[in-house]
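Plus 6 on top of the position in the sequence shown (first one is 1) and you've got the numbering used here.
C-beta atoms are modelled at their ideal positions from N, C-alpha and C, and glycine is treated no differently.
Since the structure is predicted, the reported quantities are computational estimates derived from the model, not experimental observations.
A short worksheet on the structure shown next.
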Amino acid sequence: MACRRAFVAIIAAALCAGCELPNVPLEAPAYEPSLFVDFETRLIYHWPLGRTISIYADGSGVADRDLRAAIAAGAAGWMDAIYYREFDIRLVDSPQDADVTFHFDNVAPVVDTDSCEGVLLGAGGVTYFCVDQGLTTILPLSFVGSSSRSRVKFDVTISSDPFQIPTQERFFAIVAHEIGHVLGIANHSGDPNDLMFTSPLITDPSSRDARTLRWVLHQPSDLDL
């Protein structure tokens, strides 16, 4: 089960960013994409329009699984889903240059997740980040000798359990699913034909996933990424 958990450290207020958005026709989302903080609070988040999102992949831990290749494939699928180049995604070679880090669960993360750290609990992957008073928190780099200031906002853990991810196709599906969470689809679809289904069976976004992401990207963001 590709379960997502966003671990919210402290939320004192939901802040809406009054950014200018392109005047584009919006389709309704195919499913609820918001982040549920509690029964009364739902938040929308996405990166600033036009942002290049930098991802660092620590591929150690599972020798026969190419994490960078899976991220590149997943990123390409999501970029094909948008119309106006609202974002770009690139892989970087250093965590100091990353906005997002990926790693397997049998490898220590390169960032200190502190109180936001989550447990996979039988999931294929988990995406988490910290929020403090409506702002996403930068996750500090944890390795010795790091002198550069971190810019990492998201840490993504992928299961190394062959029972959770028995095939290469399943592996690519889980990674692409978690990228969807990073981009702003906080919730899950109830349709097994969607990539954002809780246990994805496909490796590319469906038309419903694409429509939902396009809607999210053109809403005011409640969190500053």
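Using DSSP with H/G/I as helix, E/B as strand and the rest coil, what is residue i?
i, result
"residue 48", "strand"
"residue 157", "coil"
"residue 131", "strand"
"residue 230", "strand"
"residue 138", "strand"
"residue 94", "strand"
"residue 27", "Annotation note: pLDDT 46 at residue 27 (below 50); position unreliable, coordinate value reported separately. It is coil, neither helix nor strand."
"residue 19", "Here the model assigns residue 19 a pLDDT of 26, short of 50, so the residue's position is not dependable and the matter cannot be decided."
"residue 167", "coil"
Can you tell me where the alpha helix (DSSP H) with residue i in it begins and where it stops?
i, result
"residue 177", "174 to 189"
"residue 213", "213 to 223"
"residue 77", "73 to 85"
Would a C-beta distance cut-off of 8 Å place residue i and residue j closer than the cut-off?
i, j, result
"residue 79", "residue 215", "no"
"residue 191", "residue 222", "yes"
"residue 105", "residue 59", "yes"
"residue 162", "residue 143", "no"
"residue 228", "residue 165", "no"
"residue 183", "residue 206", "yes"
"residue 242", "residue 63", "Within the shown structure, residues of the chain are numbered from 7 to 231, placing residue 242 beyond reach of any answer."
"residue 81", "residue 185", "yes"
"residue 35", "residue 155", "no"
"residue 211", "residue 84", "yes"
"residue 148", "residue 113", "no"
"residue 93", "residue 57", "yes"
"residue 65", "residue 73", "yes"
Hey, could you find the ends of the beta strand (DSSP E) residue i is sitting in?
i, result
"residue 57", "57 to 64"
"residue 109", "106 to 110"
To which residues of the same chain is residue i closer than 8 Å at the C-beta, ignoring the five residues directly before and after it?
i, result
"residue 175", "209"
"residue 118", "145, 146, 147 and 148"
Between which residues of its own chain and residue i is the CB-CB distance below 7 Å, once the five residues before and five after are set aside?
i, result
"residue 171", "130, 165, 177 and 180"
"residue 225", "50"
"residue 200", "212, 214 and 215"
Excluding sequence positions up to five away, which residues of its chain have a Cβ less than 6 Å from the Cβ of residue i?
i, result
"residue 213", "none"
"residue 195", "37, 202 and 203"
"residue 141", "230"
"residue 95", "59 and 81"
"residue 67", "110, 112, 113 and 166"
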